[in-house]
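Numbering (the numbering used here), first residue to last: 1 to 726.
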């Protein structure tokens with residue numbers, strides 16, 4: 001490999017290692033002063049409760065570290081405080097199977113109903129939630145109609161809606177109720193406020209009822225004929241501007257539950273209109289500058305505060321519809337479809353249907369919209385405490401899994417279908433006040449909900465055994481808990497021995513110097529109450545120590561780029577070697593097994609074993625165990641047959657040459673003058689041998705500095721005055 005590439009790769013590896021160390025070093029960076037502070041940093045952090053754990057110069061915060069790091073530093077597992085979260089279900093009524101007729105309050109479509117989660121920062125707790133759409137579930141439908149003059153022909157068709165709707169809905173549920181109300185705003189410039197126009201806002205000889213904001217004509221009832229009768233007695237009204245005051249009426253229908261008669265049932269609100277809508281800000285044109293308060297203001301079934309409050313905003317309306325589990329159906333004419341479809345996108349569990357010019361299709365529109373809404377379940381949760389997050393994963397029909405925003409919902413659900421959701425809740429910090437919060441999760445448009453009590457693990461169990469005003473904490477200036485002093489306000493130091501007012505005293509600084517000419521705490525720490533508290537390193541494996549922070553465990557000699565050669569530990573800048581190793585970098589092995597020759601002698605009896613390698617004392621011998629002797633008698637004869645077969649293809653081993661003679665490197669030269677000569681670095685033997693034809697061949701045999709065997713051979717055979725036959 002190119003050395004530059006190797007260097008860059010090595011440097012990148014070192015940088016990445018450093019990054020990894022820093023990423024996992026949040027426990028140390030937090031500088032936690034107590035066990036409770038430590039465990040709030042994250043689930044990786046633990047606190048060592050061993051009173052003898054800290055070394056001289058280490059601050060109390062050194063007790064907080066990652067679990068593996070604490071154990072490496074000598075803290076036993078049983079002495080590490082590392083609590084984990086849990087969950088417990090307290091109410092778990094199974095979902096209704098639909099086999100028998102039940103009262104609405106006895107039907108269960110969501111399971112479980114109540115549980116507790118114990119949350120530790122950074123550790124999510126998960127549970128599964130079931131939803132099952134139950135057969136014959138009761139339905140409440142409130143029909144809210146725009147009564148402006150343009151809806152005159154629609155009113156005629158709505159007059160028979162009660163009995164017709166009862167008949168159609170009986171195919172879906174045996175428990176159906178219907179109610180009715182209508183709407184407009186009663187201030188300028190939305191209507192004319194002249195006395196005559198207030199009595200009859202219509203033009204010409206048309207007879208209209210006086211204007212009103214919203215009127216609840218009929219509370220929810222199972223008497224369809226009563227619906228027909230009361231609606232038949234109504235007259236349309238009129239206004240000056242095109243948009244209608246439907247938002248005022250929708251707000252009152254949502255929040256006036258007793259007046260409307262909402263039950264624990266599927267709640268449907270149908271708003272029928274042929275115009276747009278007023279929203280927050282429009283009321284100011286009529287002098288209504290106060291924001292809508294979202295409260296019920298019905299007197300004698302009529303909204304009485306239309307002259308006082310502005311229209312509600314869309315966000316406010318969404319909140320109240322959700323709070324009261326109401327699903328909205330907008331039955332609007334073709335002209336205003338685009339407007340209400342945009343509104344539908346802002347209101348969860350709402351639908352838009354196209355209303356014919358005279359509302360003749362209103363029943364089919366409602367049935368279609370109900371089927372669409374009821375086939376989808378969307379989970380929503382109440383406001384989460386600060387620092388708490390929630391994620392959803394849906395498991396819908398046909399094995400379909402949803403994540404993210406899609407994890408909240410399942411579609412195409414039929415009666416009797418059961419779907420499930422995996423819900424994970426995680427705390428990222430403890431609340432400022434209190435250790436417990438309650439949140440709720442429910443399917444949008446349903447009254448059933450799951451109550452979840454969140455308990456936050458903000459303290460360690462060892463803190464309950466703490467000794468207040470302990471003598472171990474400098475005359476009672478703190479509580480001794482979890483192996484350390486938690487100092488009272490105004491006190492600092494490992495034993496709370498110092499007042500915060502004394503921290504910068506010159507006398508205290510003097511006690512933090514080795515002598516007058518040295519830096520405070522060797523420039524590796526801070527002087528706190530006359531005692532050095534050593535700085536922490538980015539790498540949690542590295543640390544300063546000593547009374548003056550003069551020691552560390554990372555500035556020792558290295559071998560093969562490893563601290564203490566990987567065979568020892570660095571203690572106050574000196575390597576303490578493992579057994580069988582010595583040297584300033586612990587790079588010298590005392591093991592002699594690597595020096596044993598074939599005869600079981602150390603270095604073949606011809607050298608000394610130093611740091612696991614032979615140093616040959618006889619210059620004739622070489623090799624890792626001093627067994628190679630290129631110049632010893634018999635070397636030429638020993639290698640003759642292999643040199644002959646490899647150089648000339650002849651001799652006794654020509655048939656087995658590849659198998660037996662590959663143990664040396666062969667280099668051919670032109671003549672004898674080109675053969676290498678002996679040098680001091682490694683011995684070399686000159687050889688002359690004869691073949692079967694009495695021809696001579698010359699070669700040298702040597703073992704180079706890399707212990708490789710080398711043979712240089714003259715490439716031609718020679719004879720003594722006679723022609724050499726080959």
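Glycine residues also receive a C-beta, built at the ideal position from the N, C-alpha and C atoms.
Give me the residue from the options with the minimum Cα distance to residue i.
i           : options            : result
residue 631 : 548, 108, 700      : 700
residue 28  : 134, 39, 62, 579   : 62
residue 659 : 645, 105, 667, 672 : 645
residue 54  : 618, 576, 662, 544 : 544
residue 595 : 584, 607, 522      : 607
residue 175 : 139, 361, 611, 317 : 139
residue 557 : 539, 49, 540, 577  : 577
residue 85  : 131, 426, 372      : 426
residue 639 : 649, 623, 663, 655 : 663
residue 247 : 223, 102, 33, 319  : 319
residue 523 : 501, 541, 546, 539 : 546
residue 697 : 636, 518, 665      : 636
Flag this pair as yes or no: are the beta carbons of residue i and residue j separated by less than 8 angstroms?
i           : j           : result
residue 255 : residue 213 : no
residue 463 : residue 481 : yes
residue 616 : residue 609 : no
residue 528 : residue 476 : no
residue 333 : residue 350 : no
residue 42  : residue 126 : no
residue 216 : residue 301 : yes
residue 112 : residue 80  : no
residue 445 : residue 221 : no
residue 59  : residue 460 : no
residue 448 : residue 438 : no
residue 390 : residue 381 : yes
residue 250 : residue 144 : yes
residue 260 : residue 224 : no
Looking at the secondary structure, which residues open and close the alpha helix (DSSP H) in which residue i lies?
i           : result
residue 645 : 635-648
residue 371 : 362-374
residue 28  : 26-29
residue 226 : 224-232
residue 35  : 35-39
residue 247 : 246-255
residue 728 : The question about residue 728 has no answer, for the chain in this structure spans 1 to 726.
residue 631 : Looking at the DSSP string, residue 631 is not in any alpha helix (DSSP H), and its letter there is neither H nor E.
residue 163 : 161-169
Alpha carbon to alpha carbon, how far is residue i from residue j?
i           : j           : result
residue 566 : residue 587 : 8 angstroms
residue 707 : residue 692 : 32 angstroms
residue 187 : residue 114 : Confidence at residue 187 is low in this model, with a pLDDT of 42, below 50, so the placement of that residue is unreliable and no value is reported for it.
residue 512 : residue 491 : 19 angstroms
residue 370 : residue 40  : 48 angstroms
residue 670 : residue 718 : 12 angstroms
residue 467 : residue 78  : 20 angstroms
residue 303 : residue 293 : 13 angstroms
residue 26  : residue 70  : 14 angstroms
residue 472 : residue 498 : 14 angstroms
residue 768 : residue 348 : There is simply no residue 768 to check, as the chain begins at 1 and stops at 726 in what is shown.
residue 728 : residue 603 : Nothing can be reported for residue 728: it is not among the residues displayed for the chain, which extend from 1 to 726.
residue 745 : residue 585 : Since the displayed the chain opens at 1 and closes at 726, residue 745 lies outside it and no answer follows.
residue 564 : residue 572 : 12 angstroms
residue 709 : residue 667 : 11 angstroms
residue 231 : residue 325 : 26 angstroms
residue 36  : residue 429 : 12 angstroms
residue 306 : residue 160 : 30 angstroms
residue 643 : residue 688 : 11 angstroms
residue 354 : residue 360 : 11 angstroms
residue 550 : residue 569 : 17 angstroms
residue 298 : residue 245 : 16 angstroms
From the DSSP secondary-structure annotation, give me the bridge partner or partners of residue i.
i           : result
residue 597 : Per DSSP, none; premise fails for residue 597.
residue 392 : 423
residue 607 : 616
residue 130 : 111, 420
residue 140 : 177, 267
residue 353 : 331
residue 290 : 309
residue 728 : Here the chain has residues from 1 to 726 only, and residue 728 is not among them.
residue 767 : Shown here, the chain extends from 1 to 726; a query on residue 767 therefore has no answer.
At which residues does the beta strand (DSSP E) containing residue i begin and terminate?
i           : result
residue 338 : Taken as a continuous stretch (DSSP letters only), residue 338 belongs to no beta strand (DSSP E), being part of the alpha helix (DSSP H) at 337-346.
residue 89  : 86-91
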